[in-house]
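Residue numbers (the UniProt record's numbering): 1 to 122.
Cβ coordinates follow ideal geometry from the N, Cα and C atoms, glycine included.
Everything numeric in this text was worked out from a predicted model, so none of it was measured.
Notes follow the structure.
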């Protein structure tokens with residue numbers, strides 16, 4: 001009977017090892033999938049939002065640059081009201097230029113520059 005328990009224990013250990021290896025492999029594949037999809041989706045989303053809503057800094061918030069997003073938002077609302085729209089126009093032009101830059105970069109270049117390199121402006 002102890003041999004049966006030993007065989008069962010060995011089988012359980014072997015099954016646990018196999019499960020661990022498969023789980024690790026699946027987690028690595030999932031991680032690679034998220035990284036490749038996340039970079040591309042952020043590029044397209046940030047580029048389109050920069051062109052459409054650039055003056056509000058929405059694209060900066062998408063990329064995680066909160067300080068820069070609040071700067072653009074403040075320039076558009078506060079400085080735009082004080083200067084009769086000149087400040088807001090400048091913020092919208094910045095958003096338009098950044099959107100075009102985002103969409104013309106390759107996925108790898110965008111990821112390395114804006115997500116890994118943390119380059120907040122242009």
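Q) To the nearest angstrom, how far is it from the Cα of residue 121 to the Cα of residue 48? A) Going from the Cα of residue 121 to the Cα of residue 48 covers about 16 Å.
**Q.** Rounded C-alpha distance that separates residue 78 from residue 102
**A.** Residue 102 has its alpha-carbon roughly 27 Å from the corresponding atom of residue 78.
Q) In three-state terms, what does DSSP make of residue 83? A) Note: residue 83 maps to coil in three-state DSSP.
**Q.** Spatially closest choice to residue 119 from 8, 16, 65, by CA coordinates
**A.** The candidate whose alpha carbon is nearest that of residue 119 is 65.
Q. So is residue 43 buried or exposed if we call it buried at 16+ other beta carbons inside 10 Å?
A. By the neighbour-count rule (16 or more Cβ atoms within 10 Å), residue 43 is buried.
Q. Just the Cα atoms here: how many angstroms apart are residue 110 and residue 57?
A. One alpha carbon belongs to residue 110, the other to residue 57, and they sit about 18 Å apart.
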